[in-house]
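Q: Below is the structure I would like to discuss, written out as structure tokens.
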Amino acid sequence: MTASPRTVRAARGSALTCKGWHQEAALRMLMNNLDPEVAERPQDLVVYGGSGKAARNWDSFEAIVATLRRLENDETLLVQSGKPVGVFRTHDEAPRVLIANSHLVPRWATWDNFRQLEAEGLTMYGQMTAGSWIYIGTQGILQGTFETFAACARTHFGGTLDGRLVVTAGLGGMGGAQPLAATMNGAAFLGIDVDETRICRRVESGYCDRLETDLDAALNAVLDARQRRVPLSVGLVGNAAEVLPELVRRGVDVDVVTDQTSAHDLRVGYIPAGYSLADAEAFRTREPLAYDEAVLDSMQTHVQAMLDLKASGAVVFDYGNNLRGQVADRRGMTRAFEIPGFVPEYIRPLFCKGSGPFRWAALSGAPEDIAVTDAAILELFPEKEHLARWIRMAQDKVQFQGLPARICWLEYGERAEAGEKFNWLVETGRVQAPLVIGRDHLDTGSVASPNRETEGMKDGSDAIADWPLLNALLNTACGASWVSLHHGGGVGIGYSIHSGMVSVADGTPAGYRRLSRVLTADPGTGVMRHADAGYDLATDTARERGVDLPMYNT
Ligand code: NAD
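FYI, the numbering for the sequence shown is 30 to 583, going by the numbering used here.
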């Protein structure tokens, strides 16, 4: 069998093409990940995040599709790094799919080993929601990015980025959320990307206001917007390792600096200075090791410019792509860690309350179904003004990509409430078909990633990776629709272990049982993990909400 690339789009509507809604949801969400409106390079099965894939190859994709279509309601499909490898009899409230992505035995866990095994066809890079089939386009990260910029504004600028200039690079699948998240917070924004087509995509989807190819024109526009306190986002075609040092040289007064180039991957992520995309491709194919060194040279220049901007007063933070780790580990540039990570800086207090990304998609394909769910969220949590503001802005500014979807951050307790309410919306026919509920892996209880989610943990437990395993095992026991356990997402091979879960609100009594178990346990592991690390906010949350933690119950 040698399947060819084809255009993939999920089915819509309320008619099943599988034997149950859990399989149907997995099938639609896998296909949705590869919808050309959603995926960055669908022909290569790449969804986002450098080379983050949804299936190993096209043969595997077709085999997953065929297997999901025949899968019984008491069977479970096992997927090993994007390839379907077995079907076993389980039971009707067990997950229909279990996925393991990109794992290597720790001593072997380097990009070089990974790439060799990948080239031999033995594994694939699953990133986070790419290989766990719950990517919903750039909106998925938009809310997290909006929250991060809002927290940055609260911490440093009195609650708003009005009259502030944010500079970053990387406007890809995830990074493409930055311009809109920044302008939603009032900022003037300059986003550098070496690939003009990525900027065009953000402009077409309304995430970025305009594209410039000339630095002077871009700077004039954003400096003028900052002075007039008007939100404006400009995507500049250029290389961060060239543009940032030029900003330093010119003494441009920048307020906030971060970065979302695909720095987690030396070989097929970050583009070295002085190379067009085509030249970079030719160089990496011809001389891969020399290419890696050229990438590291540029990363060092880039990080140095970030440190220089920090020294001249800018708020600078790392945005989870392991840029600091690459230059510290491979070039000994440990000063890179003078740039703080965004999680300890802004997100950890949210994690202590079991707060994290709660996302859902309407399997009907009907945008009206998302409007119904938006209204349900606003009705459930009327006291959360910030949440209401987000939902209204998202309704106004976010164009759906693929199946209509929404995301917001909810705490322990709230996620289960929302899940049960969604099941009721399906049961009572207020929406046209089941809803699928999942989350990103920028999450409270399901990630071990010392340069990102677990950076600077209070008890020094940053690298302890038991937690995501417990999270995946528990979500499986609770009966999520599919559960995945990944290695290397976000920050690259060797740097993270994390797990994903997706559950379906199908309107049935079993739906209530499964959702209430999963959506309580999943954020509960976040409260548990942070309480165990010594965060008082997490122990208080556990006490207030009744999370049973044997060592903290007194
Ligand atoms: P992507 O591969 O879709 O996009 C990366 C972009 O960076 C591309 O558009 C590319 O052209 C551009 N780029 C590469 N080198 C450049 C350079 N030297 N100068 C300017 N532009 C350059 O990746 P993505 O999905 O947007 O993810 C970006 C990074 O963020 C990844 O490392 C990913 O792992 C990480 N990430 C962060 C979060 C978070 O919450 N902060 C979440 C997921 C992923």
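Note that the Cβ used here is the ideal one computed from N, Cα and C, for glycine as well. A quick note: this is a predicted structure, and the numbers were derived from the prediction, not measured.
(1) Please classify Trp137 as buried or exposed, where buried requires at least 16 neighbouring CB atoms within 10 angstroms.
(2) Would you kindly work out how many angstroms separate the C-alpha atoms of Asp191 and Pro260, rounded to a whole number?
(3) So the beta strand (DSSP E) Tyr375 belongs to, where does it begin and stop?
(4) Cβ of Thr290 within 7 Å of any heavy atom in the ligand NAD?
(5) Measure the C-alpha to C-alpha separation of Val576 and Glu316 and round it to an integer number of angstroms.
(6) Within 7 Å: the Cβ of His293 and any heavy atom of the ligand NAD?
(7) Give the list of continuous alpha helix (DSSP H) stretches no shorter than 4 residues that lie fully inside the stretch 406 to 464.
(8) Quick check: what's the CA-CA separation for Ser291 versus Asp245?
(9) To the nearest angstrom, how far is it from the Cα of Val283 to the Cα of Ala343?
(10) Would you mind giving the Cβ-Cβ distance between Thr152 and Ser110, rounded to the nearest angstrom? I have them listed as a contact below 8 Å.
(11) Counting C-beta neighbours from all protein chains within 10 Å, is the total for Thr330 16 or more, i.e. buried, or is it exposed?
(12) Roughly how far, in whole angstroms, is the beta-carbon of Leu265 from the beta-carbon of Cys237, given that I think they are within contact range, below 8 Å?
(13) Beta-carbon separation of Gly202 and Glu69 under 8 Å?
(14) Between which two residues does the alpha helix (DSSP H) containing Pro538 stretch?
(15) If Gln430 sits next to Gly220, beta carbons under 8 Å apart, how far is it from one beta carbon to the other, in whole angstroms?
(16) With Leu100 and Gln52 assumed to form a contact (beta carbons below 8 Å), what rounded beta-carbon distance in angstroms separates them?
(17) Let me know if Asn582 comes out buried or exposed under the rule of 16 or more other beta-carbons within 10 Å of its beta-carbon.
(18) Which residue wins for smallest C-alpha separation from Val75, given the options Val134, Ala390, Tyr154?
(19) Flag Ile19 as yes when its Cβ comes closer than 7 Å to any non-hydrogen atom of the ligand NAD, and as no otherwise.
(20) Which of the three DSSP states is assigned to Asn130 in this structure?
(21) Pull the bridge partners of Arg70 from the DSSP assignment, please.
(22) For Val332 and Pro369, what's the separation of their Cα atoms in angstroms?
(23) What residues match up with Asp222 in a beta bridge as DSSP calls it?
(24) Within 10 Å of its beta-carbon, does Leu273 have 16 or more other beta-carbons around it, so buried, or fewer, so exposed?
(25) Do Gln207 and Gln156 have their beta-carbon atoms positioned less than 8 Å apart in this structure?
(26) Going by other Cβ atoms of all chains shown within 10 Å of its Cβ, with 16 needed for buried, is Gln145 buried or exposed?
(27) Judging by CA-CA distance, which residue of Pro463, Ala269, Val556, Thr158 is the nearest neighbour of Trp496?
(28) In the DSSP output, which residue or residues are listed as bridge partners for Leu190?
(29) Give the DSSP-derived three-state secondary structure of Ala55 in the structure shown.
(30) Does at least one heavy atom of the ligand NAD sit under 7 Å from the Cβ of Arg279?
(31) Going by C-alpha distance, which of Ala539, Pro34, Asp561, Pro579 is nearest Asp121?
(32) Whole angstroms are fine: how far does the CA of Glu443 sit from the CA of Gln256?
(33) What residues in its chain sit with their C-beta under 7 Å from that of Gln89, if we drop five residues either side in the sequence?
(34) Whose C-alpha, out of Asp403, Ser234, Glu233, Ala250, is nearest the C-alpha of Glu241?
(35) Give the straight-line distance between the Cα atoms of Glu104 and Arg546, rounded to the nearest whole angstrom.
(36) Flag this pair as touching only if the stretch 355 to 366 and the stretch 416 to 436 have three or more C-beta atom pairs under 8 Å; answer yes or no.
A: By the coordinates alone:
(1) Trp137 should be labelled exposed.
(2) Rounded to whole angstroms, Asp191 and Pro260 show a C-alpha spacing of 7 Å.
(3) For Tyr375, there is no enclosing beta strand (DSSP E), since its DSSP letter is neither H nor E.
(4) Yes, the beta carbon of Thr290 sits closer than 7 Å to at least one heavy atom of the ligand NAD.
(5) Val576 and Glu316: Cα-Cα distance of roughly 54 Å.
(6) At least one heavy atom of the ligand NAD is nearer than 7 Å to the Cβ of His293, so yes.
(7) The qualifying runs are 414 to 426, 443 to 456.
(8) Looking at the two C-alpha atoms, the distance is approximately 26 Å.
(9) Taking the CA atoms as reference points, Val283 sits about 6 Å from Ala343.
(10) Going by Cβ atoms, the distance from Thr152 to Ser110 rounds to 4 Å, so yes, they are a contact pair.
(11) The residue in question, Thr330, is buried, as its Cβ has 16 or more Cβ neighbours within 10 Å.
(12) For Leu265 against Cys237, the beta-carbon gap comes to about 10 Å, at or over 8 Å, which does not count as contact.
(13) Taking 8 Å as the Cβ cut-off, Gly202 and Glu69 qualify as a contacting pair.
(14) Membership of Pro538 in the alpha helix (DSSP H) is indicated by the continuous run 538 to 561.
(15) Going by Cβ atoms, the distance from Gln430 to Gly220 rounds to 19 Å, so no, they are not a contact pair.
(16) Between Leu100 and Gln52 a beta carbon distance of about 5 Å is seen, short of the 8 Å cut, so the two are scored as contacting.
(17) It is exposed - the Cβ of Asn582 has fewer than 16 other Cβ atoms within 10 Å.
(18) Here the closest residue by C-alpha is Tyr154.
(19) Summary: the structure shown does not reach residue 19, with the chain confined to residues 30 through 583, and so no result is reported for it.
(20) Secondary structure at Asn130: strand, using DSSP grouped into helix, strand and coil.
(21) Beta-bridge pairing links Arg70 to Val75.
(22) Looking at the two C-alpha atoms, the distance is approximately 12 Å.
(23) Answer is Val266, bridged to Asp222.
(24) Burial state of Leu273 is buried, judged by a 10 Å Cβ sphere holding 16 or more other Cβ atoms.
(25) One thing to note: Gln156 has its Cβ no nearer than 8 Å to the Cβ of Gln207.
(26) The residue is exposed, with fewer than 16 neighbouring Cβ atoms inside 10 Å.
(27) Out of Pro463, Ala269, Val556, Thr158, Val556 has the C-alpha closest to the C-alpha of Trp496.
(28) Answer by DSSP bridge pairing: none, since Leu190 is not bridged.
(29) In the structure shown, Ala55 sits in a helix (DSSP, three-state: H, G or I).
(30) Arg279 Cβ: outside cutoff for every heavy atom of the ligand NAD.
(31) Relative to the Cα of Asp121, the nearest Cα in the group Ala539, Pro34, Asp561, Pro579 belongs to Ala539.
(32) Each residue's Cα considered, the two are about 40 Å apart.
(33) Here residue 89 is Ser; the residue named in the question, Gln, does not match the sequence. The residues are Gly111, Lys112, Pro113.
(34) Among Asp403, Ser234, Glu233, Ala250, the Cα nearest to that of Glu241 is on Ala250.
(35) When rounded, the distance between both Cα atoms is 20 Å.
(36) Contact between the stretch 355 to 366 and the stretch 416 to 436 is absent: fewer than three C-beta pairs spanning the two stretches fall below 8 Å.
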